[in-house]
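Taking it in order: structure first as structure tokens, then the write-up.
There are 2 protein chains.
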Amino acid sequence: MNIAIMGFGVVGSGVAELMTKNHAGITEKSMQPSMEIKYILDLRDFPDSPFCDKIIHDFSTILEDDSIAVVVETMGGLHPAYEFVSDLLQAGKSVVTSNKELVAAKGYELLTLAQEKNVNFLFEASVGGGIPIIRPITQCLAANEIDEIAGILNGTTNFILTKMITENMEMGEALAMAQHLGYAEKDPTADVDGIDACRKICILASLCFGKHIYPDQVRTEGIRDVQLRDVSYAANGGYGMKLLGVARRVEGNKLCIFVAPCLVQGHSQLASVDDVFNAILVRGDAIGDVVFYGRGAGKLPTASAVVADVIDCAKHIAKRKLLDWGAPEDGFVIDCAEVPYPFFVRGVCDCEKTAETVRGALAKQELHIENAPEGEIAFLTGEISENALRAALAEIPGFSTGSMMRVTAY
Amino acid sequence: MNIAIMGFGVVGSGVAELMTKNHAGITEKSMQPSMEIKYILDLRDFPDSPFCDKIIHDFSTILEDDSIAVVVETMGGLHPAYEFVSDLLQAGKSVVTSNKELVAAKGYELLTLAQEKNVNFLFEASVGGGIPIIRPITQCLAANEIDEIAGILNGTTNFILTKMITENMEMGEALAMAQHLGYAEKDPTADVDGIDACRKICILASLCFGKHIYPDQVRTEGIRDVQLRDVSYAANGGYGMKLLGVARRVEGNKLCIFVAPCLVQGHSQLASVDDVFNAILVRGDAIGDVVFYGRGAGKLPTASAVVADVIDCAKHIAKRKLLDWGAPEDGFVIDCAEVPYPFFVRGVCDCEKTAETVRGALAKQELHIENAPEGEIAFLTGEISENALRAALAEIPGFSTGSMMRVTAY
Numbered sequence: 065m066n067i068a069i070m071g072f073g074v075v076g077s078g079v080a081e082l083m084t085k086n087h088a089g090i091t092e093k094s095m096q097p098s099m100e101i102k103y104i105l106d107l108r109d110f111p112d113s114p115f116c117d118k119i120i121h122d123f124s125t126i127l128e129d130d131s132i133a134v135v136v137e138t139m140g141g142l143h144p145a146y147e148f149v150s151d152l153l154q155a156g157k158s159v160v161t162s163n164k165e166l167v168a169a170k171g172y173e174l175l176t177l178a179q180e181k182n183v184n185f186l187f188e189a190s191v192g193g194g195i196p197i198i199r200p201i202t203q204c205l206a207a208n209e210i211d212e213i214a215g216i217l218n219g220t221t222n223f224i225l226t227k228m229i230t231e232n233m234e235m236g237e238a239l240a241m242a243q244h245l246g247y248a249e250k251d252p253t254a255d256v257d258g259i260d261a262c263r264k265i266c267i268l269a270s271l272c273f274g275k276h277i278y279p280d281q282v283r284t285e286g287i288r289d290v291q292l293r294d295v296s297y298a299a300n301g302g303y304g305m306k307l308l309g310v311a312r313r314v315e316g317n318k319l320c321i322f323v324a325p326c327l328v329q330g331h332s333q334l335a336s337v338d339d340v341f342n343a344i345l346v347r348g349d350a351i352g353d354v355v356f357y358g359r360g361a362g363k364l365p366t367a368s369a370v371v372a373d374v375i376d377c378a379k380h381i382a383k384r385k386l387l388d389w390g391a392p393e394d395g396f397v398i399d400c401a402e403v404p405y406p407f408f409v410r411g412v413c414d415c416e417k418t419a420e421t422v423r424g425a426l427a428k429q430e431l432h433i434e435n436a437p438e439g440e441i442a443f444l445t446g447e448i449s450e451n452a453l454r455a456a457l458a459e460i461p462g463f464s465t466g467s468m469m470r471v472t473a474y
Numbered sequence: 065m066n067i068a069i070m071g072f073g074v075v076g077s078g079v080a081e082l083m084t085k086n087h088a089g090i091t092e093k094s095m096q097p098s099m100e101i102k103y104i105l106d107l108r109d110f111p112d113s114p115f116c117d118k119i120i121h122d123f124s125t126i127l128e129d130d131s132i133a134v135v136v137e138t139m140g141g142l143h144p145a146y147e148f149v150s151d152l153l154q155a156g157k158s159v160v161t162s163n164k165e166l167v168a169a170k171g172y173e174l175l176t177l178a179q180e181k182n183v184n185f186l187f188e189a190s191v192g193g194g195i196p197i198i199r200p201i202t203q204c205l206a207a208n209e210i211d212e213i214a215g216i217l218n219g220t221t222n223f224i225l226t227k228m229i230t231e232n233m234e235m236g237e238a239l240a241m242a243q244h245l246g247y248a249e250k251d252p253t254a255d256v257d258g259i260d261a262c263r264k265i266c267i268l269a270s271l272c273f274g275k276h277i278y279p280d281q282v283r284t285e286g287i288r289d290v291q292l293r294d295v296s297y298a299a300n301g302g303y304g305m306k307l308l309g310v311a312r313r314v315e316g317n318k319l320c321i322f323v324a325p326c327l328v329q330g331h332s333q334l335a336s337v338d339d340v341f342n343a344i345l346v347r348g349d350a351i352g353d354v355v356f357y358g359r360g361a362g363k364l365p366t367a368s369a370v371v372a373d374v375i376d377c378a379k380h381i382a383k384r385k386l387l388d389w390g391a392p393e394d395g396f397v398i399d400c401a402e403v404p405y406p407f408f409v410r411g412v413c414d415c416e417k418t419a420e421t422v423r424g425a426l427a428k429q430e431l432h433i434e435n436a437p438e439g440e441i442a443f444l445t446g447e448i449s450e451n452a453l454r455a456a457l458a459e460i461p462g463f464s465t466g467s468m469m470r471v472t473a474y
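First to last, the protein sequences are chains A and B.
Numbering (this note's numbering) for the first sequence: 65 to 474.
Numbering (this note's numbering) for the second sequence: 65 to 474.
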């Protein structure tokens with residue numbers, strides 16, 4: 065059996081390396097007599113790579129070669145990845161991808177096409193790097209109604225938050241360090257503003273709840289506005305702070321979904337996820353909470369997930385894997401600002417009387433730090449929707465809100 | 065499609081309940097037109113159960129009914145579970161079990177029989193309750209060479225250790241509390257002495273390393289001898305203490321496997337696993353460390369894993385799942401007392417000169433607690449085998465060893 069790789073960047077070269085290193089075991093587990101990389105598609109040449117003789121520049125070589133049954137797409141970006149993958153599925157080839165942008169935007173469409181053509185379209189590596197999560201959700205937790213899924217889905221922002229918390233670094237300083245270490249891109253927008261986490265929670269939610277959720281349906285907030293003292297207030301209350309992607313089934317079988325910095329319980333499995341690690345919590349009606357933890361990015365961890373999918377394609381070459389990812393549905397995603405949560409609020413009061421009003425009206429638990437600025441108070445509320453909270457705060461004219469974050473039940 | 069359940073205890077009744085509660089979703093995911101429980105085999109009658117009309121007492125009813133394609137075995141114990149399961153596989157029926165004793169003792173044999181008959185023998189629920197672990201290891205991590213697997217595999221002992229650590233309870237008191245809460249049996253031997261954890265690490269190791277490992281090949285130590293002050297010494301050094309099952313590939317492609325209380329790094333994902341929760345760490349060459357966390361026991365979590373396997377059997381009714389679990393191999397498991405580890409040692413010195421000798425010869429880091437008994441010292445060693453350590457300690461006549469535990473690298 066022959067495979068092709070499209071995109072010889074970090075992940076693509078990791079796939080080639082891993083398939084070479086663990087070739088015997090991978091071939092055996094694939095139940096194929098042989099398993100070889102025949103082509104690697106890239107715009108560039110790689111004269112010094114051990115795979116240089118496999119590099120090609122013309123996509124049609126792969127498309128038209130009948131000996132290629134499985135194609136790995138590790139190019140990233142929506143175009144031309146989308147066109148290439150569509151053509152390959154159309155031609156009856158299975159596709160494995162690590163491209164979260166592609167899956168979040170076109171998952172339903174490409175899965176439907178794969179179904180029509182009786183081939184596989186697999187994307188374990190698109191969420192959580194090497195952490196097994198897609199397959200556990202779709203298979204191992206199949207007996208459950210999933211009520212909620214919440215994940216630390218972006219290693220870069222988790223690294224930044226970890227540095228802020230453990231080393232008292234300001235956000236800008238921690239970002240510069242992440243860039244220096246190669247964890248963050250020069251343009252860190254996709255990470256820092258939550259766009260990357262948004263794509264991943266869309267993929268997870270689409271799988272858990274069976275309807276395609278698009279990134280533009282998700283209220284997305286990054287970590288740019290997180291202040292070091294919010295982290296301190298949270299820590300003093302026994303909470304950690306994490307950038308989470310959350311998808312939660314709410315009354316009437318609707319979905320509340322968002323990406324935002326949240327307070328998590330200090331003793332929880334999510335609170336202890338540090339640095340570039342990722343973790344995903346799934347709450348099912350039978351199983352309760354399960355958490356999957358590991359490296360959410362990186363060459364070989366991500367390649368590990370890609371190659372596991374390649375093995376699965378090889379084993380199921382004549383049999384399609386069923387993924388319960390249906391069409392989008394109008395009205396399924398509701399406005400998360402209407403869903404009650406306990407909130408963390410920090411703000412400034414113009415006088416002690418205002419502070420008393422705020423305390424009386426909203427504060428269930430007040431939080432403290434040393435050397436708080438004059439007039440600042442921070443507190444946790446009871447369950448209240450964001451809209452109701454904003455309205456209540458607006459009615460206290462002497463209070464100006466500094467930050468506001470949801471407090472999760474994990 | 066019809067299924068039968070053998071054993072209507074905690075797990076068996078959970079399976080019936082879950083299949084009823086989430087019937088529509090389970091049937092859809094099974095890709096079967098219908099999915100019904102036809103028989104429940106038990107010695108007892110259950111006149112008040114909603115499933116009372118399905119209770120039967122004669123195994124041959126199930127064996128001889130051609131409409132039964134999948135049988136759930138939740139009886140526990142080796143006999144007659146082994147005979148029943150053998151007969152069912154022989155008759156061409158797939159079997160799903162939660163019975164770790166059966167799988168640890170007969171896994172290779174029953175998998176071989178299942179292969180001959182082209183049916184499935186699945187056992188996700190036998191390790192880690194509802195935590196997805198068997199399928200992730202065999203499928204999602206298939207591209208990896210697995211180097212090590214370590215798990216908190218027994219909820220009862222983890223509950224006891226948690227109480228000792230967080231509430232300064234003595235072992236006996238914590239055990240009594242676990243019994244009172246229904247977490248521990250009246251006879252707690254299987255839990256407290258590590259026998260349950262031993263069966264589970266055998267199953268995991270057999271899958272990860274491809275050769276059947278039997279419980280009697282595993283050096284097994286429980287938590288009976290753990291002293292509260294060992295926990296305190298460890299905590300002061302930044303370590304947690306957990307009863308771990310560990311299987312680790314060592315030089316020459318041999319296996320070091322044991323069950324014992326170990327010191328784990330205080331910031332690790334294993335250290336924060338409290339109460340009756342389980343967690344399993346898998347270290348692969350490509351993926352690095354991944355950790356799976358959740359409820360390791362209980363009616364519905366375990367039923368969740370059983371039903372996921374039933375769904376898998378239903379989907380693959382004409383196709384066997386490949387599990388890479390080979391025959392046992394002489395000499396594969398080596399004596400773990402010969403494998404170097406850093407150790408925690410606590411003991412009593414007859415005089416300060418002996419203490420100086422111990423420090424000079426073995427202590428890499430000394431640990432302290434308040435109000436340590438006269439002459440007691442505790443320390444961490446460098447990497448040394450247990451045999452070498454015992455020999456070295458024996459050469460210091462004024463020192464008597466109180467406890468000795470491995471320190472893990474996670």
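Even glycine gets a Cβ: it sits at the ideal position worked out from N, Cα and C.
C-beta contact flag for residue i and residue j at 8 Å
i: A:V159; j: A:V191; result: no
i: A:G219; j: A:F341; result: yes
i: B:I375; j: B:S94; result: yes
i: A:V471; j: A:F396; result: no
i: A:L268; j: A:Y474; result: no
i: B:A68; j: B:L105; result: yes
i: A:G215; j: B:S368; result: no
i: B:H432; j: B:N300; result: yes
i: A:E212; j: A:A311; result: yes
i: B:P295; j: B:M228; result: The amino acid at residue 295 of chain B is misidentified as Pro; the sequence shows Val. In contact: B:V295 and B:M228 (Cβ atoms closer than 8 Å).
i: B:C320; j: B:C400; result: yes
i: B:N66; j: B:A155; result: no
Reduced DSSP category for residue i - H, G, I as helix; E, B as strand; rest coil
i: A:F123; result: helix
i: A:D338; result: coil
i: A:S131; result: coil
i: B:D255; result: helix
i: B:T176; result: helix
i: A:Q329; result: strand
i: B:R454; result: helix
i: A:A80; result: helix
i: B:M235; result: helix
i: A:M228; result: helix
Contacting residues, own chain, Cβ-Cβ under 6 Å from residue i (five flanking each side not counted)
i: A:A419; result: C413 and I441
i: A:V74; result: K363
Interface partners of residue i on chain A, CB under 7 Å
i: B:Q203; result: R199, A372 and D376
i: B:I195; result: V354
Under 7 Å from the C-beta of residue i: neighbouring residues of chain B
i: A:Q179; result: By Cβ distance, chain B contributes nothing, its closest Cβ being about 12 Å from A:Q179, past 7 Å.
i: A:R507; result: Given that chain A is displayed from residue 65 to residue 474, the structure contains no residue 507 of chain A and the question cannot be resolved.
Close beta carbons around residue i, own chain, < 8 Å, minus the five adjacent residues each side
i: A:A178; result: L153, S158, V159, N184, F185 and R384
Proximal chain B residues relative to residue i, where beta-carbon distance stays under 8 Å
i: A:A367; result: A207 and A350
i: A:N86; result: A207, N208, E209, D349 and A350
i: A:G358; result: I351, G352, D353, V354 and V355
Chain-ordered neighbours of residue i on chain B, where CB pairs are closer than 9 Å
i: A:H331; result: S336 and D338
i: A:Y103; result: What A:Y103 touches in chain B: nothing, since even the nearest Cβ is about 20 Å away.
i: A:L82; result: A207, N208, D349 and A350
i: A:F273; result: Ordered by position in chain B, no residue passes the 9 Å Cβ test against A:F273, which lies about 12 Å from the chain.
Own chain, CB closer than 7 Å to residue i, minus 5 neighbours either side, in chain order
i: B:T125; result: Y103
i: B:V346; result: I201, L205, I210, I213 and V354
i: B:A343; result: G215, I216, Q333, L334, V337, V355, F356 and Y357
Residues that residue i contacts on chain A, provided the C-beta gap is smaller than 9 Å
i: B:I90; result: A206 and A207
| Is the stretch 196-208 of chain B touching the stretch 77-90 of chain A in the sense that three or more CB pairs, one from each, lie closer than 8 Å? | yes
| Counting Cβ pairs closer than 8 Å, one from the stretch 291-300 of chain B and one from the stretch 239-255 of chain B, do we hit at least three? | no
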